[in-house]
Amino acid sequence: MSEVYESKKGSSRKGNTKKGGQAHKNTYAFHANKSSKITKRIAAMPVGGLCEKCVEVIMWRKKFKKYKPLTQMKKCVTCEQKAIKDAYHVMCNKCAGEKNVCAKCQESREIVPTNIKTEKELIAEQVELERLLSGMNERERRSYLRQMERKAKKGGDDDDEEEDGEDDEEDGSDDDDEDDSDEDSDSDEDSEDEKKK
Numbered sequence: 004m005s006e007v008y009e010s011k012k013g014s015s016r017k018g019n020t021k022k023g024g025q026a027h028k029n030t031y032a033f034h035a036n037k038s039s040k041i042t043k044r045i046a047a048m049p050v051g052g053l054c055e056k057c058v059e060v061i062m063w064r065k066k067f068k069k070y071k072p073l074t075q076m077k078k079c080v081t082c083e084q085k086a087i088k089d090a091y092h093v094m095c096n097k098c099a100g101e102k103n104v105c106a107k108c109q110e111s112r113e114i115v116p117t118n119i120k121t122e123k124e125l126i127a128e129q130v131e132l133e134r135l136l137s138g139m140n141e142r143e144r145r146s147y148l149r150q151m152e153r154k155a156k157k158g159g160d161d162d163d164e165e166e167d168g169e170d171d172e173e174d175g176s177d178d179d180d181e182d183d184s185d186e187d188s189d190s191d192e193d194s195e196d197e198k199k200k
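With the working numbering, letter number 125 in the sequence shown gets 128, and the count goes up by one each step, no holes.
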């Protein structure tokens, strides 16, 4: 009565294989509930001390509601201290910084800097920008916004250009002064001509 079971591998049959799309697809794309407090709190958590690959993994987890934040601090694998505050990290930030490795995968890749700002900082910046723009006229406002867009695209290369622009403005003002002096000399000549008459 002993039956022999063969291990189930993939089919080794050569012909008659279906080459098509996947069998089951979502009818519409998944979107997390943006108005949920938990989703907002998770999205606001900064992702730092990780390599680019691990940052993408964490961001994917946040996007598709697979991210589970820590409720208690976790133990670091190197210093054995309960110092890990971020989910999915295995090393504390101190140890990862000393070894110059990713805090999640422990590989010595280039670490992505944390540029994520808190909601309060973003709101404060927005209020400051609105206050600044409200004091400008339309022409100044548009030129200021264009400069901001250029800075965002180039990533800070505009500092040199702004200095050059300031030099140009100074040069232009010098030209205006020269023109003014020419006009003054013309008016002086006119007044002398009138005196002679």
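All C-beta atoms in this analysis are idealised placements derived from N, C-alpha and C, irrespective of residue type, glycine included.
In this text the structure is predicted, and so the values were computed from the model without any measurement.
Nearest-angstrom Cα separation, counted from Gly18 out to Lys40
53 Å
Margin query: In this structure, how does DSSP classify Ala32 when only helix, strand and coil are distinguished?
Written below: coil
Give me the residue from Arg144, Leu136, Lys97 with the minimum Cα distance to Glu83.
Lys97
*Tell me where the alpha helix (DSSP H) around Arg41 begins and ends.*
Checking the sequence shown, residue 41 turns out to be Ile, not Arg. Unbroken alpha helix (DSSP H) run through Ile41: 40-47.
My output table needs one value for Cys95: the three-state DSSP class, helix, strand or coil. coil
How would you label Lys107, buried or exposed, when you count the other beta carbons within 10 angstroms and need 16 or more for buried?
By the neighbour-count rule (16 or more Cβ atoms within 10 Å), Lys107 is buried.
**Item:** With 16 other Cβ atoms within 10 Å as the buried cut-off, status of Ala26
**Value:** exposed
* When you compare only the Cα positions, how much space is there between Ser184 and Glu143? -> Caution is warranted here: a pLDDT of 47 is assigned to Ser184, below 50, making its placement in the model unreliable, and the coordinate value is therefore given only provisionally. Ser184 and Glu143: Cα-Cα distance of roughly 30 Å.
Check: For Ala127, which three-state DSSP category applies?
Finding: helix
*asked:* Based on DSSP bridge pairs, tell me the residues matched to Lys56.
replied: DSSP output for Lys56 lists no bridge partner at all.
Could you tell me which of Thr81, Asn103, Thr74, Lys102 sits nearest to Asp89, measuring between CA atoms? Thr74
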